[in-house]
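Q:
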Amino acid sequence: MGAVPTASIEAAAEWLRKHFAPEAARGLRATYQLDLAGAGGGLLRLEIDDGVLLIARGRAEAPQVVLRAPAALFSAVLGGRENAELLYMAGRIQIEGDLGLAAKLHALFGRRT
């Protein structure tokens with residue numbers, strides 16, 4: 002349920018599309034940059050505009066939040082095997098920018114089957 006099959010940028014993008022909660026994003030305009038390192042990594046930009054999600058590979062022009070993590074670790078977070086908040090506190094995931102917007106990621110991409 003909800004597991005990402007491989008630690009790849011494509012699998013992460015697919016998981017995020019499938020689990021996006023448009024109702025939680027109503028009224029929100031935000032740009033997130035995911036910078037995933039290592040095998041299967043790369044750059045993903047997430048643009049949210051009032052409940053609509055655009056996911057594309059590449060660098061965002063002016064993201065409000067930049068999240069940096071190894072691709073395998075990010076995959077483990079998406080699959081429910083790791084806790085993003087604990088990883089952030091331990092310094093294994095880095096977040097730059099608006100921490101309030103970063104905290105909304107859980108609500109925006111809640112687990113659904």
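Under the numbering used here, the first residue of the sequence shown is numbered 2, with each subsequent residue one higher.
The beta carbon of each residue, even a glycine, is placed where N, CA and C say it ideally should be.
1. What does the alpha-carbon distance come out to for the pair Ala73 and Val67?
2. Sort Arg27, Trp16 and Leu35 by Cα distance to Glu97 and report the nearest one.
3. Report yes if the C-beta distance between Ala22 and Leu79 is below 8 Å; otherwise report no.
4. In the DSSP assignment, what residue or residues form a beta bridge with Ile56?
5. With 16 other CB atoms within 10 Å as the buried threshold, where does Leu17 fall?
6. Tell me, please, which residues DSSP counts as bridged to Val1.
7. By the 10 Å Cβ neighbour count, where 16 or more other Cβ atoms means buried, how is Ala8 classified, buried or exposed?
8. Along the chain, where does the alpha helix (DSSP H) that runs through Ser76 open and close?
9. Comparing alpha-carbon positions, which option in Gly59, Pro64 and Leu100 lies nearest Gly43?
A: This is what the structure gives:
1. 17 Å
2. Leu35
3. no
4. Leu47
5. buried
6. Coverage of the chain is limited to positions 2 through 114, which leaves residue 1 absent and any answer about it impossible.
7. buried
8. Ala72 to Leu79
9. Gly59
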